[in-house]
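First up is the structure itself, then whatever we jot down about it.
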Amino acid sequence: MKSGDITLRRHLVSVPADFPLQYSPSIDAGLVQRARDLGPRIAAGALETERDRRLPESTVGALTEAGLFKLTAPRRYGGHQANFATFLAVHAEMARACGSTAWVSTITNICNWTVGTASERIREDVFGADPDARVCGVIAPSGTAVPTGDGYSVTGSWGFASGSLHATWALVGVKVTDGSGQVTGFGNIVIPMDQITVKDTWHVAGMRGTGSNTLVVENVFVPAHRYTPLSFGADQPDNHPDEPLYRSALVPALALVLAGPQLGLARAALDHTLATIGKHGLSYTFYEEATKAPSTQFQVAQAAELIDTAALHVFRSATHIDQAAAEGRHLDVTERLRVRMDTGYAVTRVREAIELLLDANGASSFAESNPLQRIWRDSSTAARHAIASPGISTEAYGRALLGIEEQMTPIV
């Protein structure tokens with residue numbers, strides 16, 4: 000091997016050192032560095048996370064101590080109130096160590112943000128007594144809230160509640176009904192986890208450690224002030240005009256954050272490939288080093304470009320959301336759906352990149368000892384989240400571009 004080859008190899012393995020900071024100047028590098036510093040500890044617990052189908056308490060403790068569960072909590076309650084570019088970058092970095100950990104933190108932080116958009120009384124209930132509060136949530140209105148006295152009697156079952164095993168509160172979607180059972184409204188309601196039963200229903204191939212179980216409540220009384228009316232297509236309520244983060248567009252934000260862990264998983268697959276692929280040849284060829292084969296070079300280059308493409312779309316949308324919130328401007332329907340489009344498009348490109356890297360590494364990618372197979376399973380599972388569906392987002396965005404007012408989804 001020539002000395003130039005060695006230099007190039009070392010250069011490739013370390014590029015880009017500024018991932019994911021390179022994609023936006025508004026990212027808080029200090030918060031990303033906290034996630035990077037925790038990377039070895041998170042990675043050390045990744046197998047335990049898979050085995051136990053939950054994050055180790057040591058990981059939860061480390062994230063709490065680093066303040067990474069309160070990225071989006073209000074500053075007045077000790078949170079960072081970080082913008083969405085930072086939110087995505089932190090979780091992309093975290094997912095390089097463990098997809099499940101990054102997913103739990105993503106869902107916790109986006110639910111904390113949703114609470115942050117609510118009334119001050121709700122924020123005080125959740126964050127006032129516990130600045131490290133962790134909220135899980137499901138916005139689908141799978142429960143009913145019946146007015147009673149000065150509150151609601153809530154009954155329901157909400158599946159796929161990621162982070163449920165580590166949460167202190169839950170934010171869930173409900174239908175408000177009158178005495179006759181007629182639906183009079185939709186909204187979110189917050190309930191302490193000690194009033195909720197968590198059913199162990201998350202037995203899956205990927206993202207095994209996310210604890211995305213089912214929440215069940217039966218005739219639980221919730222004070223009226225903990226209910227927030229919701230209309231998915233409406234402009235975000237501006238309850239806190241001095242805090243622009245909490246007037247960000249609701250559905251675009253809920254969708255976009257799911258791309259953060261995907262970017263990190265793809266980057267982890269590329270990192271692993273660049274670090275190891277030079278150690279073996281290419282089976283059934285004369286190439287003693289796989290890196291010398293044009294097919295390998297093409298696969299690695301194409302994968303890296305796909306990851307960049309995904310990240311550029313994701314951070315383009317994050318910047319759009321952050322800037323509009325800072326300006327006090329509401330995104331119109333087409334802008335909202337472009338964020339959904341960017342999300343679905345990015346997730347698709349990530350999956351393509353990981354497939355190329357699996358091809359480059361061959362069948363050994365699927366050995367249980369190889370982290371690539373866990374990355375593949377985690378990414379494939381997370382990609383099926385309904386709000387990130389590329390098919391639905393593409394159709395909805397196309398309708399908006401063509402001026403078709405009637406949409407095929409209420410999630411706008």
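To convert, note that position 52 of the sequence shown is 51 in numbering that gives the first Met the number 0; the numbers rise steadily by one, no gaps. All residues carry an ideal CB built from backbone N, CA and C; glycine is no exception.
Mind checking who residue i pairs with in its DSSP beta bridge?
{"i": "S156", "result": "V215"}
{"i": "K198", "result": "T213"}
{"i": "P146", "result": "Y151"}
Using the three-state DSSP reduction, which class does residue i fall into: helix, strand or coil?
{"i": "W102", "result": "helix"}
{"i": "A139", "result": "strand"}
{"i": "V59", "result": "helix"}
{"i": "F220", "result": "strand"}
{"i": "W112", "result": "helix"}
{"i": "P251", "result": "helix"}
{"i": "V134", "result": "strand"}
{"i": "T408", "result": "coil"}
{"i": "P370", "result": "helix"}
{"i": "S2", "result": "Per-residue confidence for S2 stands at a pLDDT of 42, beneath the threshold of 50, marking its modelled position as unreliable; no derived number is given."}
{"i": "A42", "result": "helix"}
{"i": "G277", "result": "helix"}
{"i": "S436", "result": "Past the boundaries of the shown model lies residue 436; the chain is included only from 0 to 411, so the question cannot be answered."}
{"i": "D270", "result": "helix"}
{"i": "T48", "result": "helix"}
{"i": "P240", "result": "coil"}
{"i": "R53", "result": "coil"}
{"i": "I403", "result": "coil"}
{"i": "D17", "result": "coil"}
{"i": "E288", "result": "coil"}
{"i": "D36", "result": "helix"}
Looking at the unbroken beta strand (DSSP E) that takes in residue i, where does it start and where does it end?
{"i": "F185", "result": "V182 to P191"}
{"i": "Y226", "result": "Y226 to P228"}
Considering only their Cβ atoms, is the gap separating residue j from residue i smaller than 8 angstroms?
{"i": "D341", "j": "S378", "result": "no"}
{"i": "P19", "j": "A61", "result": "no"}
{"i": "S184", "j": "P146", "result": "The sequence given here has Gly at residue 184, not Ser. Not closer than 8 angstroms, so no."}
{"i": "G115", "j": "T71", "result": "yes"}
{"i": "F314", "j": "Y22", "result": "yes"}
{"i": "V423", "j": "I188", "result": "For the chain, the structure presents residues 0 to 411; residue 423 sits outside this window and is missing."}
{"i": "S163", "j": "N111", "result": "no"}
{"i": "G208", "j": "R373", "result": "no"}
{"i": "L356", "j": "A399", "result": "no"}
What span of residues does the alpha helix (DSSP H) with residue i cover, start to end?
{"i": "A169", "result": "That residue, A169, is in no alpha helix (DSSP H); its beta strand (DSSP E) goes W168 to T176."}
{"i": "P293", "result": "P293 to E326"}
{"i": "S413", "result": "Within the shown structure, residues of the chain are numbered from 0 to 411, placing residue 413 beyond reach of any answer."}
{"i": "T85", "result": "F83 to A94"}
{"i": "V338", "result": "V332 to N360"}
{"i": "G390", "result": "P389 to L400"}
{"i": "E119", "result": "E119 to R122"}
Taking residue i as the reference, which of the options has the closest Cα?
{"i": "T167", "options": "T48, V145 and I190", "result": "I190"}
{"i": "K291", "options": "L311, A359 and V332", "result": "A359"}
{"i": "V221", "options": "I195, L244, M206 and H279", "result": "I195"}
{"i": "R95", "options": "L401, E123, V103 and R35", "result": "R35"}
{"i": "G78", "options": "A84, L67 and L164", "result": "L67"}
{"i": "N238", "options": "L46, S163 and R122", "result": "R122"}
{"i": "I320", "options": "P293, C135, L249 and V411", "result": "L249"}
{"i": "D331", "options": "E404, E242 and T176", "result": "E404"}
{"i": "K198", "options": "N218, W157 and D177", "result": "W157"}
{"i": "H224", "options": "K278, A144, A302 and G178", "result": "A144"}
{"i": "D131", "options": "K69, C97 and I391", "result": "K69"}
{"i": "G98", "options": "G277, A395 and A382", "result": "A382"}
{"i": "G44", "options": "A366, D270 and V59", "result": "V59"}
{"i": "C135", "options": "Y151, T107, G150 and R120", "result": "T107"}
How about residue i: is its C-beta nearer than 8 angstroms to some C-beta of chain C?
{"i": "R398", "result": "Absent from the structure is chain C; it holds one protein chain and no more."}
Going by the C-beta, is residue i closer than 7 angstroms to any heavy atom of the ligand SAM?
{"i": "A88", "result": "Annotation note on the ligand SAM: not contained in the displayed structure, which lists no ligands."}
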